[in-house]
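Protein sequence lines, in the order shown, are assigned to chains A and B. Counting from 1, position 98 in the first sequence corresponds to residue 103 in our numbering; the numbering is continuous, with no gaps. Counting from 1, position 104 in the second sequence corresponds to residue 162 in our numbering; the numbering is continuous, with no gaps. Here is the structure we will look at, set down as structure tokens.
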Amino acid sequence: DAGVTQSPTHLIKTRGQQVTLRCSPKSGHDTVSWYQQALGQGPQFIFQYYEEEERQRGNFPDRFSGHQFPNYSSELNVNALLLGDSALYLCASSLGLAGGSTGELFFGEGSRLTVL
Amino acid sequence: DQQVKQNSPSLSVQEGRISILNCDYTNSMFDYFLWYKKYPAEGPTFLISISSIKDKNEDGRFTVFLNKSAKHLSLHIVPSQPGDSAVYFCAASDRGNTPLVFGKGTRLSVIA
Numbered sequence: 006d007a008g009v010t011q012s013p014t015h016l017i018k019t020r021g022q023q024v025t026l027r028c029s030p031k032s033g034h035d036t037v038s039w040y041q042q043a044l045g046q047g048p049q050f051i052f053q054y055y056e057e058e059e060r061q062r063g064n065f066p067d068r069f070s071g072h073q074f075p076n077y078s079s080e081l082n083v084n085a086l087l088l089g090d091s092a093l094y095l096c097a098s099s100l101g102l103a104g105g106s107t108g109e110l111f112f113g114e115g116s117r118l119t120v121l
Numbered sequence: 059d060q061q062v063k064q065n066s067p068s069l070s071v072q073e074g075r076i077s078i079l080n081c082d083y084t085n086s087m088f089d090y091f092l093w094y095k096k097y098p099a100e101g102p103t104f105l106i107s108i109s110s111i112k113d114k115n116e117d118g119r120f121t122v123f124l125n126k127s128a129k130h131l132s133l134h135i136v137p138s139q140p141g142d143s144a145v146y147f148c149a150a151s152d153r154g155n156t157p158l159v160f161g162k163g164t165r166l167s168v169i170a
């Protein structure tokens with residue numbers, strides 16, 4: 006039973022560039038949430054996708070966008086990268102929207118983005 | 059505006075002793091609380107949770123206590139083992155309505 010998989014695991018970009026991160030949810034899960042974890046901080050909610058639509062969004066600018074595909078996998082896109090976007094980006098999956106609030110979140114290992 | 063606070067960035071405990079990790083919250087709408095554990099190069103994994111209708115939940119060596127009036131919860135690990143060395147995150151939600159809000163984490167080191 007595959008868990009949450011994310012790619013790439015590490016990447017380096019320069020300011021102003023764009024990045025796409027990918028996530029495949031745990032088998033049987035239909036909801037994907039994205040979190041940003043900066044150094045020394047806890048994960049911060051970016052947004053959540055269910056039925057291919059963004060359902061909730063945290064306090065992140067429009068430079069952060071996402072997509073969910075019919076097979077429930079998801080992408081996170083960040084445009085016009087800033088130095089402050091350097092962080093670990095975590096994808097988490099759950100069954101249904103409420104699963105994202107009740108602990109039934111399964112996290113991937115994350116994609117570590119470095120912006121130079 | 060940090061709604062979930064873990065004021066101890068690190069904690070060091072001897073093997074076999076009790077580890078107590080603390081967490082405070084400010085949002086009175088939170089009614090579900092969780093602890094996650096994170097090892098380096100891995101994603102956080104769910105450890106234990108508690109609903110606001112309870113004041114204690116136990117799972118093996120792990121017990122979470124909730125004091126609603128003080129808006130405080132704690133995680134007790136007894137006895138502590140070297141494999142418990144990790145970063146522990148406290149998280150909270152308005153169950154079913156909001157995504158999880160995480161604290162900054164506490165790094166626990168269990169010394170053999």
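Cβ atoms here follow ideal geometry from the backbone N, Cα and C, with glycine treated the same way.
Exposed or buried, what is residue i when buried is set at 16 or more other beta-carbons lying within 10 Å of its beta-carbon?
{"i": "A:GLN22", "result": "exposed"}
{"i": "B:ILE108", "result": "buried"}
{"i": "A:LEU81", "result": "buried"}
{"i": "B:LEU133", "result": "buried"}
So what's residue i in DSSP terms, helix, strand or just coil?
{"i": "A:GLY89", "result": "helix"}
{"i": "B:ASP142", "result": "helix"}
{"i": "B:VAL136", "result": "coil"}
{"i": "A:SER70", "result": "strand"}
{"i": "B:LYS162", "result": "coil"}
{"i": "B:LYS63", "result": "strand"}
{"i": "B:VAL168", "result": "strand"}
{"i": "A:GLN23", "result": "coil"}
Check the Cβ-Cβ distances between residue i and every residue of chain B, and say whether any is below 8 Å.
{"i": "A:PHE112", "result": "yes"}
{"i": "A:GLY115", "result": "yes"}
{"i": "A:GLN46", "result": "yes"}
{"i": "A:PHE69", "result": "no"}
{"i": "A:LEU163", "result": "What is shown of chain A runs 6 to 121, which leaves residue 163 of chain A out entirely."}
{"i": "A:SER32", "result": "no"}
Mind checking who residue i pairs with in its DSSP beta bridge?
{"i": "A:GLU58", "result": "A:TYR55"}
{"i": "A:HIS15", "result": "A:ARG117"}
{"i": "A:TYR94", "result": "A:GLN41 and A:SER116"}
Examine chain A for any beta-carbon lying closer than 8 Å to the beta-carbon of residue i, and answer yes or no.
{"i": "B:PHE123", "result": "no"}
{"i": "B:LYS63", "result": "no"}
{"i": "B:GLY196", "result": "This structure gives no information on residue 196 of chain B, because the portion of chain B shown stretches from 59 to 170."}
{"i": "B:LEU158", "result": "yes"}
{"i": "B:GLY161", "result": "yes"}
{"i": "B:PHE104", "result": "yes"}
Quick check: is any heavy atom of the ligand ADP less than 7 Å from the C-beta of residue i?
{"i": "B:THR84", "result": "The ligand ADP is absent from the structure shown, which contains no ligands of any kind."}
Checklist entry - At what residue ranges does the segment 74-154 of chain B contain a whole run of the beta strand (DSSP E), taking only runs of 3 or more? => result 77-83, 90-96, 103-109, 114-117, 120-125, 130-135 and 144-151
Checklist entry - Mind listing which residues of the segment 128-154 of chain B have their C-beta closer than 7 Å to chain C's C-betas, in chain order? => result Of the protein chains in the structure, A and B, none is chain C.
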